[in-house]
Structure formats: structure tokens, C-alpha cells
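In this note's numbering, the protein residues as written are 6 to 195. Structure first, then comments.
Here it is, written out as C-alpha cells:
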């Protein structure tokens with residue numbers, strides 16, 4: 006063999022080997038790229054799922070907060086309505102006619118007054134003198150206080166052992182405590 010043919014053969018073998026090395030390198034590079042792409046796709050799917058989960062959690066939280074705020078507003082309005090009902094009831098008690106006011110006073114004195122109690126009327130109580138003429142007033146030896154007390158209508162009983170607030174405001178407060186839920190369910194049906 007000649008020198009030239011040996012050189013050509015070496016060059017040819019070198020080129021062939023270079024092509025094989027390049028082809029192998031390209032296969033490995035493609036394999037690395039494919040593996041990276043798969044990892045990137047998985048990572049992207051994971052991030053998307055995580056974002057979707059966080060978005061849902063935030064949305065659920067905002068929805069719950071909105072529902073709670075709505076419920077608070079509704080409750081505040083219901084309380085305002087019930088406050089108005091009891092305010093009107095107080096106005097009605099304060100504006101009772103003489104016969105009804107004396108009947109109520111007699112029942113309260115019969116039930117709550119003790120012998121010798123002092124009856125202290127609200128400043129706007131119109132029938133104090135008439136209450137003092139009731140039979141129960143005389144039977145229990147009650148006394149009329151000449152000082153008015155700042156209460157929501159009616160009167161207070163001052164006794165030796167204890168005082169009893171039977172004012173209209175106090176009676177309505179007790180009624181509200183006992184019947185508020187029932188009243189609310191009747192007013193706010195459905």
C-alpha cells in the first residue's frame with residue numbers, strides 16, 4: 006500500500022470515527038435534553054397543581070370571609086330590628102292608659118313588694134299618686150319615695166334587705182333574655 010492510500014485510510018477511519026463520536030454525542034445530548042424536558046414538564050405540572058391548590062385555598066378563604074361578613078351584617082340588622090321592637094314596647098308601656106298602668110303596678114307590687122318597701126317612681130311615671138291609693142299599697146305598708154330615679158318607666162322597690170328593679174326597662178330586659186330567640190324566629194321566618 007502506498008503512503009497516500011494509508012493516509013487516506015487513516016483520514017477516512019478518523020472521519021468515520023469522528024462521525025460516530027459526533028452521532029453518539031448527539032444521541033447523548035438528545036437524551037439529556039429529553040430527560041430535562043420530562044423533568045421540566047413534571048415540574049411545570051407540579052407548580053400548576055400547587056398554584057391551583059393555593060388559588061382554591063385563597064378563594065375558599067375569601068368566600069368564607071365574605072359569608073361570615075354577610076352573616077355578621079345580617080345578625081346586626083336582626084338585632085337592630087329586635088332592639089326597635091323592644092324600644093317600641095317600652096314606649097307602649099310608658100304610654101299605658103291609667104287603667105292598664107294601675108293594673109300592671111298592682112300585679113308587680115303584689116308579686117314583688119315586701120312589707121315596708123319604698124316605691125321609687127321614674128320621673129315620667131304619671132300615675133304615682135294613683136298607685137299609692139291601691140289596696141296592695143296599703144296592705145304591704147309601702148311608702149312612696151319623694152325622689153325620682155332615672156329608670157326606663159315604672160318604678161323600683163327599695164327594701165330593707167334588697168332592692169328590686171321592676172321598671173319597664175328591666176321587665177323588658179328579662180323578657181328579651183327569655184324570648185328573644187322565639188321572637189326572632191317569628192319575625193324572621195325562612
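For each residue, glycine too, the CB sits at the ideal point set by N, CA and C. In this text the structure is predicted, and so the values were computed from the model without any measurement.
{"Item": "DSSP has residue 162 in a bridge; who is on the other side?", "Value": "124 and 169"}
{"Item": "Do the segment 107-115 and the segment 67-85 meet, that is, are 3 or more Cβ pairs less than 8 Å apart?", "Value": "no"}
{"Item": "Considering only their Cβ atoms, is the gap separating residue 159 from residue 149 smaller than 8 Å?", "Value": "no"}
{"Item": "For residue 122, count neighbouring C-beta atoms within 10 Å of its own C-beta (all shown protein chains included) and say buried if the count is 16 or more, exposed if not.", "Value": "buried"}
{"Item": "For residue 173, is the classification buried or exposed, using 16 other Cβ atoms within 10 angstroms of its Cβ as the cut-off for buried?", "Value": "buried"}
{"Item": "Between residue 162 and residue 68, what straight-line distance do the alpha-carbon atoms span, to the nearest angstrom?", "Value": "53 Å"}
{"Item": "Taking the alpha helix (DSSP H) that residue 119 falls in, what are its first and last residues?", "Value": "Here residue 119 belongs to no alpha helix (DSSP H), and DSSP marks it neither H nor E."}
{"Item": "Give the straight-line distance between the Cα atoms of residue 35 and residue 23, rounded to the nearest whole angstrom.", "Value": "18 Å"}
{"Item": "If you pair each beta-carbon of the segment 137-147 with each one of the segment 180-191, do three or more pairs fall below 8 Å?", "Value": "no"}
{"Item": "With residue 137 as the anchor, note down where its alpha helix (DSSP H) starts and where it stops.", "Value": "Premise fails: residue 137 is in no alpha helix (DSSP H) and is neither H nor E."}
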